[in-house]
Amino acid sequence: MSSSVSARGRDASQLQAGPRMGFGGHRGLGRPVEKPRDFKGTTKKLLRYLAPHRLSILAVLICAVLGTVFNIVSPRIMGRVTTKVFEGLMAKKAMHVKGAAIDFGFIRQTLITLTSLYVLAALFNFAQHYIMAGVTQRVVYNMRKDVSVKLSRLPLKFFDSRTHGEILSRVTNDVDVVSSTLQQSLTQIISSAVTLVGVLAMMLSISPALTLVTLITIPLSAIVTVNVARRSQRFFAGQQKTLGQLNGHVEEMYAGHKIVKAFSRERAAIERFKHINDELYTHAWKAQFVSGIMMPLISFVNNIGYIIIAVAGGIMVTKRAIAIGDVQAFISYSRQFTQPIVQTANIANIIQSTIAAAERVFEVLEEAEESPDPDDPVVLESPEGQVAFEHVRFGYREDAILMEDINIGAKPGQVVAIVGPTGAGKTTLVNLLMRFYEVLDGRITLDSVDIRDMTRSHLRSNLGMVLQDTWLFSGTIRDNIAYGREGTSMEEIVKAAQAARADHFIRTLPEGYDTIINEDSTNISQGQMQLITIARAILANPVVLILDEATSSVDTRTELHIQEAMRDLMKGRTSFIIAHRLSTIRNADLILVMNEGKIIEQGTHAELMARKGFYYELYTSQFTGANRVA
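When we follow our numbering, the leftmost residue of the sequence shown carries the number 492, and every step to the right adds one.
Structure, rendered in structure tokens:
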């Protein structure tokens, strides 16, 4: 349990950590930054997704540059208005003239120009975000599509070796991180760079001396930023860690709330939640407080610079070394100058996390796929259901062989039972037949055709599987039954349900066949779920049927209904039954006894009992144990 909890905690932490840290001001600074292992290689792969949209991205860059340039020029023009008004007032005072000495025509024309620049800047900013939104969504659409297609091509061992939360996080959260960065950070990088260069150029053109004062404040701001970020880093790391623990605890308690109540562990669960929640509060408060004081400190440093600029600028105005409007423009530029620096530092962290997220997505896209289907596949026109395992050798790893020289022959219509202790290889055997895994040596045939010479879809269209762990998706009962075959009529669905002994209970439900099965399938019983999966298998009409512990988790009465339905389902079909309850397979045509990946006995029930070997011990131990319990 501990491993699963930690995995869920990690996934929850990733989902909560998300990309939505903000891109302006100090937000995001001090947070733990995940760094990619191969920044350059992953960036190249990401650029390949952007390559088809190079013209749109070029348009975005042009719009970003023009919009930023218009915003940069505006304060200088506004300063001219201030200078004109100031000069007019000074001239009026010096000449003791009562009439207006201010050139309102110039001011009017300048304000019209200024308004036009602001409108153009807004239009270009709108255009860049509009175009970039389209580019981002198309890139993310293609990325999600590629991941979806890739997941359908990956072998079962990929999913066996990873938690569902980890795979889900890569498909959703990591792609969202890439989407958010492309949408906001790419244009902001351009805007920040142009703003930094443009503002510096404008300040130098106004006064190199005042520019030097502004540049002196930058190292002070950097020192404040670095020190605050260093201290807040560990608090943010603790916040994300405890947040993951809290999510994992809540998920586990919610999923197992019946067990918690059965063992009266509610108080312990609440106390555990309070402990983690208190720890999260402490980390979160410290993280937010320490990072929150960054902007006031930076503002304090900047305000000192503004005071120096205002005083120095005022002195220079009195000496006629600079126009008063230029001092006003310079103060505006000095306020703009530090913003792109902070933004760029923030974006650098975000890009690191984004490339790390993209790297995880590309890891999925580069996973080894299932072996491709043959170029000229064999199609069984009239399959009969003859199955054979010929000298099959298999292991999940080359250095740990599970099966060696397995030979099985099942004639059309035969019922083959597979029994043995836990871990003997029973489920692995049917997984090989379904081609969920590939054999290392030997071959498996269906009607004397190697299953590797068929497409997987054609092979599996001839195989039906009813598992111990029933799977129903959130939807109507009708849709769940029809999942076994496309283009099914309602009449066929009802007939399949009747054959599965499911029609009666379905009609007693409030909405009948249109009853919505919820996400966890908790609004119907385990036995009813099993009957629905059997109806699905009946509708699919496979030539070979696989039943993997299909009745192990239901009550005796429901088991009788399910066995009755399965007997009808197995008529005329080759059937493989995996069973722990040996009393249910006494009438099988062939019983295979497995142990440690080997078939150690085979024959009918009577033959195996007469031998008094391993099967005999298994069979008698069940009844002896049952009698001992009774």
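Glycine residues also receive a C-beta, built at the ideal position from the N, C-alpha and C atoms.
1) Sorted by chain position, which residues of the same chain lie with C-beta nearer than 6 Å to Ala-915's C-beta, five sequence neighbours on each side aside?
2) With distances taken between CB atoms, is the gap from Tyr-797 to Pro-566 smaller than 8 Å?
3) Give me the Cα-Cα distance between Ile-1025 and Val-957, rounded to the nearest whole angstrom.
4) Sort Ser-676, Ile-942, Asp-890 and Thr-913 by Cα distance to Val-870 and report the nearest one.
5) Determine the burial state of Val-688: buried for a count of at least 16 other Cβ atoms within 10 Å of its Cβ, exposed for fewer.
6) Quick check on DSSP: helix, strand or coil for Ala-901?
7) Met-512 to Ser-790, Cα distance in whole Å?
8) Figure out for me which residue from Met-569, Val-576 and Leu-856 has the closest Cα to the Cα of Val-666.
9) In three-state terms, what does DSSP make of Phe-595?
10) Please report the straight-line C-alpha distance between Ile-846 and Asn-922, rounded to a whole angstrom.
11) Output the distance between the C-alpha atoms of Ser-1066 and Val-1035, rounded to the nearest integer angstrom.
12) Indicate whether at least one CB of chain C lies closer than 8 Å to the CB of Val-715.
13) What does the alpha-carbon distance come out to for the pair Val-572 and Ile-813?
14) I need the straight-line Cα distance from Lys-777 to Ile-767, nearest angstrom please.
15) Name the two residues that bound the continuous alpha helix (DSSP H) containing Thr-1065.
16) DSSP three-state label for Asp-640, please.
17) Alpha carbon to alpha carbon, how far is Arg-721 from Val-930?
18) By the 10 Å Cβ neighbour count, where 16 or more other Cβ atoms means buried, how is Gly-1003 classified, buried or exposed?
19) Tell me whether Gln-679 is buried or exposed, calling it buried when 16 or more other Cβ atoms sit within 10 Å of its Cβ.
20) If we count the other Cβ atoms within 10 Å of its Cβ and call it buried at 16 or more, is Pro-787 buried or exposed?
21) Under a three-way DSSP split, which group does Gly-886 fall into?
22) Could you tell me whether the stretch 547-564 touches the stretch 600-613, where touching means 3 or more Cβ pairs closer than 8 Å?
23) Go ahead and label Glu-982 buried or exposed: buried means 16 or more other beta carbons lie within 10 angstroms of its beta carbon, across all protein chains shown.
24) Please tell me whether Leu-1022 and Ala-1056 are closer than 8 Å, where the distance is taken between their beta carbons.
25) In chain order, what residues of the same chain have a beta carbon less than 6 Å from the beta carbon of Ile-750, not counting five sequence neighbours either side?
26) I need the DSSP call for Ile-813, collapsed to helix, strand or coil.
27) Does the distance from the C-beta atom of Ile-784 to that of Val-719 stay below 8 Å?
28) According to the Cβ coordinates, are Leu-1083 and Ala-848 closer than 8 Å?
29) Going straight from the alpha carbon of Ile-832 to that of Ser-683, what length do you get?
30) What is the DSSP secondary structure of Gly-516, counted as helix, strand or coil?
31) So, at 7 Å on beta carbons, what are the nonlocal neighbours of Phe-996 in its own chain, with the 5 sequence-adjacent residues on each side left out?
32) Does the distance from the CB of Glu-1040 to the CB of Gln-959 come in under 8 Å?
33) Let me make sure I understand the geometry here. Which of Ala-760, Ala-1097 and Glu-860 has the alpha-carbon closest to that of Leu-642?
34) For the beta strand (DSSP E) containing Asn-922, name the first residue and the last one.
35) Quick check on Glu-881: does DSSP put it in helix, strand or coil?
36) With DSSP run on the structure shown, which of helix, strand or coil describes Gly-955?
The answer reads as follows:
1) Here the question's residue 915 lines up with position 424 in the sequence shown. Listed in chain order, the non-local C-beta contacts of Ala-915 below 6 Å within the same chain comprise Met-1085 and Asn-1086, local neighbours out to five positions each way being set aside.
2) Residue 797 sits at position 306 when you count from the first residue of the sequence shown. Residue 566 sits at position 75 when you count from the first residue of the sequence shown. With respect to Pro-566, Tyr-797 sits apart: the two C-beta atoms are not nearer than 8 Å.
3) As a first step, residue 1025 must be located in the sequence shown, where it is residue number 534. As a first step, residue 957 must be located in the sequence shown, where it is residue number 466. One C-alpha to the other measures close to 6 Å.
4) Taking the sequence shown and counting its residues from 1, the one referred to as residue 870 is at position 379. Distances from the alpha-carbon of Val-870 to those of Ser-676, Ile-942, Asp-890 and Thr-913 put Ile-942 closest.
5) Counted from its first residue, the sequence shown places residue 688 at position 197. By the Cβ neighbour-count rule, Val-688 is exposed, with fewer than 16 other Cβ atoms within 10 Å of its own.
6) For this step, residue 901 is matched to residue 410 along the sequence shown. Looking at Ala-901 - three-state DSSP - the assignment turns out to be strand.
7) Taking the first residue of the sequence shown as 1, we reach residue 512 at position 21. Taking the first residue of the sequence shown as 1, we reach residue 790 at position 299. Here Met-512 scores only 36 on pLDDT, less than 50, and its place in the model is too uncertain to base an answer on.
8) Indexing the sequence shown from 1 puts residue 666 at position 175. Minimum Cα distance to Val-666 is reached at Leu-856.
9) On the sequence shown, residue 595 is found 104 positions in, with the first residue counted as 1. Looking at Phe-595 - three-state DSSP - the assignment turns out to be helix.
10) On the sequence shown, residue 846 is found 355 positions in, with the first residue counted as 1. On the sequence shown, residue 922 is found 431 positions in, with the first residue counted as 1. Spanning the two alpha carbons is a distance of roughly 37 Å.
11) Against the sequence shown, residue 1066 aligns to sequence position 575. Against the sequence shown, residue 1035 aligns to sequence position 544. When rounded, the distance between both Cα atoms is 6 Å.
12) The question asks about chain C, but that chain is absent: this structure has only one protein chain.
13) The residue labelled residue 572 in the question sits at position 81 within the sequence shown. The residue labelled residue 813 in the question sits at position 322 within the sequence shown. Their backbone Cα atoms lie some 15 Å apart in a straight line.
14) The count along the sequence shown starts at 1 and reaches residue 777 at position 286. The count along the sequence shown starts at 1 and reaches residue 767 at position 276. Taking the CA atoms as reference points, Lys-777 sits about 16 Å from Ile-767.
15) Counted from its first residue, the sequence shown places residue 1065 at position 574. First-last for Thr-1065: 1065-1069, but that is the beta strand (DSSP E), not the alpha helix (DSSP H).
16) Reading the sequence shown from its first residue, position 149 is the one you call residue 640. Note that residue 640 is Val in the sequence shown, not Asp. DSSP places Val-640 in helix when its eight states are reduced to three.
17) As a working note, residue 721 is residue 230 in the sequence shown. As a working note, residue 930 is residue 439 in the sequence shown. Taking C-alpha positions only, Arg-721 is separated from Val-930 by approximately 54 Å.
18) Against the sequence shown, residue 1003 aligns to sequence position 512. Exposed, since its Cβ has fewer than 16 Cβ neighbours within 10 Å.
19) Here residue 679 corresponds to residue number 188 of the sequence shown, with the count starting at 1. Flag for Gln-679 reads buried.
20) For the purposes of this step, residue 787 is taken as residue 296 along the sequence shown, with counting starting at 1. So Pro-787 counts as exposed.
21) The residue labelled residue 886 in the question sits at position 395 within the sequence shown. Reduced to three states, the DSSP call for Gly-886 is coil.
22) Output reads yes: the stretch 600-613 touches the stretch 547-564.
23) Stepping through the sequence shown from its first residue, residue 982 is reached at position 491. Exposed, by the Cβ-count rule.
24) One-based indexing of the sequence shown puts residue 1022 at position 531. One-based indexing of the sequence shown puts residue 1056 at position 565. Taking C-beta atoms as the reference points, Leu-1022 and Ala-1056 count as a pair closer than 8 Å.
25) Looking up residue 750 in the sequence shown gives position 259. So no residue of the chain qualifies.
26) Numbered from its first residue, the sequence shown carries residue 813 at position 322. Coil at Ile-813, not helix or strand.
27) The residue you call residue 784 lines up with position 293 of the sequence shown. The residue you call residue 719 lines up with position 228 of the sequence shown. Yes, these two residues count as a Cβ contact at 8 Å.
28) Stepping through the sequence shown from its first residue, residue 1083 is reached at position 592. Stepping through the sequence shown from its first residue, residue 848 is reached at position 357. Between Leu-1083 and Ala-848, the C-beta spacing is not below 8 Å.
29) Taking the first residue of the sequence shown as 1, we reach residue 832 at position 341. Taking the first residue of the sequence shown as 1, we reach residue 683 at position 192. Cα to Cα, the separation comes out at about 7 Å.
30) For this step, residue 516 is matched to residue 25 along the sequence shown. Confidence is the limiting factor: at Gly-516 the pLDDT is only 38, short of 50, which leaves the residue's position unreliable and the question unanswerable from this model.
31) As a working note, residue 996 is residue 505 in the sequence shown. Closer than 7 Å at the Cβ level, and outside the excluded window around Phe-996, lie Gln-1019.
32) In the sequence shown, the residue the question calls residue 1040 occupies position 549. In the sequence shown, the residue the question calls residue 959 occupies position 468. Between Glu-1040 and Gln-959, the gap from beta carbon to beta carbon is short of 8 Å.
33) Your numbering for residue 642 matches position 151 in the sequence shown. The residue with the shortest Cα to Cα distance from Leu-642 is Glu-860.
34) Here residue 922 is taken as the residue at index 431 of the sequence shown, counted from 1. Secondary structure note for Asn-922: it is in no beta strand (DSSP E), and the uninterrupted alpha helix (DSSP H) holding it is 917-924.
35) Position 390 of the sequence shown, counted from the first residue, corresponds to residue 881. If DSSP states are grouped into helix, strand and coil, Glu-881 belongs with the strands.
36) On the sequence shown, residue 955 is found 464 positions in, with the first residue counted as 1. Gly-955 sits in a strand when the DSSP states are folded into three classes.
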